[in-house]
Each structure stands twice: as C-alpha cells, then as structure tokens.
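These notes are about the structure you will find just below.
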Amino acid sequence: MTPGEAALKNVIRHPSVAWFMARTWSFLVDVGINPGKIRFRQHEGTEMAHYASDCWDAEIHGSYGWIECVGIAHRGCYDLQAHESATGDKNLRAWRPYDVPKSVDKTVLSGVGSVIGPAFRANAGRVHAALGKIDAPGPSPPFELDLDDGSSVTIEAGMYEEKHIQTTEHGEWFLPHVVEPAFGIDRILWHVLDHAFDKIR
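Each step along the sequence shown adds one to the number in numbering that gives the first Met the number 0, with nothing skipped, and position 34 is 33.
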C-alpha cells in the first residue's frame, strides 16, 4: 500500500504526513538504503505524545534487526498554540480567504462611551476597537485588555455591554498544523554501510 492509498483509506490520518512518508522513503533509497528493508510503523495511541494526532516511524532492517531511524509526527497546532498562550504573540497565525464572503451575525462587547471616554481619554478609541473584537460574553470583569499599541488596560464591570452586529467576513486567521520529521542521521548512515557491506568468504 502506498502512502497516498493509505491516506485515502484514513490509515494515515493526514495527507501531509503521507507526503513526508513518501519523501522519507525516496530519501532513504537515494542515499543507499535497500528499499526492501524499509518499513513504516504507526504508533499506537499509548505511544504517542499527548499533542500528537498521528505518528509513524521509518524502520530499517540491518544486522541488528529492525531499527527506528526516522520519526514523522503530526503535532497539530500544539507548538504554536503553546507559544501563543505563553507570549500573547498572535503573529504565528496564517490567513485563509473564503471562496465566497460570509455574512455573520454575532454578539460582541461594546464599550459604553460615557464611561470609556473619561476613564481612558486618549486611549478611548483603542479601547473601543479592542473590545469590539471580543465575542460576548467575554471574560469576567475585571480583566486586562490588550491594545494595538502594545499597552493594556483594566476593564471593569459597567464599562461595556453586549451588542449584536452583522459583519461580512472574507476569511479567517488560523493556527497552522505542524508535521515534524526527525531523522536519526547516525542510524541511517550506519545502515547505508551495513547494506553496502558484502562479506567475501
């Protein structure tokens, strides 16, 4: 069964993983590994890290039996999500445009002008803009609100209300998934030599 066929049958759970598996096989053969001595083994659920949704090992057979030489893990968005949570940095997201714009009804937070203005003065506009990006009901007050200039303010109860709006969305920001191939170069090199060795009796 080829990686492509395995992906179509959902044996391999994501086509990107299948692509990396095919490229891995080609690389191993190109550097001198006997193609008849390569196999891929899928991790059991109990073997995978908590963040992985699928993981495969490329194993090579040599003088000491089958040895894991490459690991290919679908890590989902765990790494980027953890970085985003720890740093507050949203710049790791990617933009995905919709084929057709969507009209969306939503409820967001809206600043109460008579309170926001006197409380934040020059920053009032930034506070209104930042509140408008939060879907209702939002966090429980008081909470810290990050502004677009890198500063933050404390939002108290009574400073905002819920507002129903209709918007047109042309796409969405999302956290890309990560596929991590890890190659054991020393193990691969050893098997290249092992497969090339011919003992003359």
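A virtual CB, placed ideally from N, CA and C, is assigned to each residue, including glycine.
In the DSSP annotation of this structure, Tyr159 is not part of any alpha helix (DSSP H); the continuous beta strand (DSSP E) holding it starts and ends at Tyr159 to Phe173.
When beta bridges are read from the DSSP output, Asp104 appears opposite Gln165. Residue state for Tyr50 is assigned as coil, using DSSP reduced to three classes. For Val191, the enclosing alpha helix (DSSP H) starts and ends at Ile184 to Ala195. Out of His169, Arg22 and Tyr50, the CA that lies nearest to the CA of Pro100 is found in His169. Looking at the backbone, the Cα of Ser15 and that of Leu79 are separated by about 18 Å. Cβ atoms of His73 and Val178 come within 8 Å of each other, at about 5 Å. Uninterrupted beta strand (DSSP E) stretches at least 3 residues long and entirely within the segment 34 to 93 occur at 37 to 41, 53 to 61 and 64 to 73, given in chain order. Burial is judged here by how many other beta carbons sit within 10 angstroms of a residue's own beta carbon; Val30 has fewer than 16 and is exposed. Ile115 sits in a helix when the DSSP states are folded into three classes.
With a cut-off of 8 Å on Cβ pairs, the segment 188 to 195 is in contact with the segment 58 to 76, counting three or more such pairs. Restricting attention to Ser25, Gly157 and Gly75, the CA atom closest to the CA of His49 is found in Gly75. DSSP places Arg95 in the strand class (E or B) of the three-state scheme. For the pair Ala118 and Lys8, the Cα-to-Cα distance works out to about 59 Å. Sequence-distant Cβ neighbours of Tyr77 in its own chain, meaning closer than 7 Å and more than five residues away, are Tyr50.
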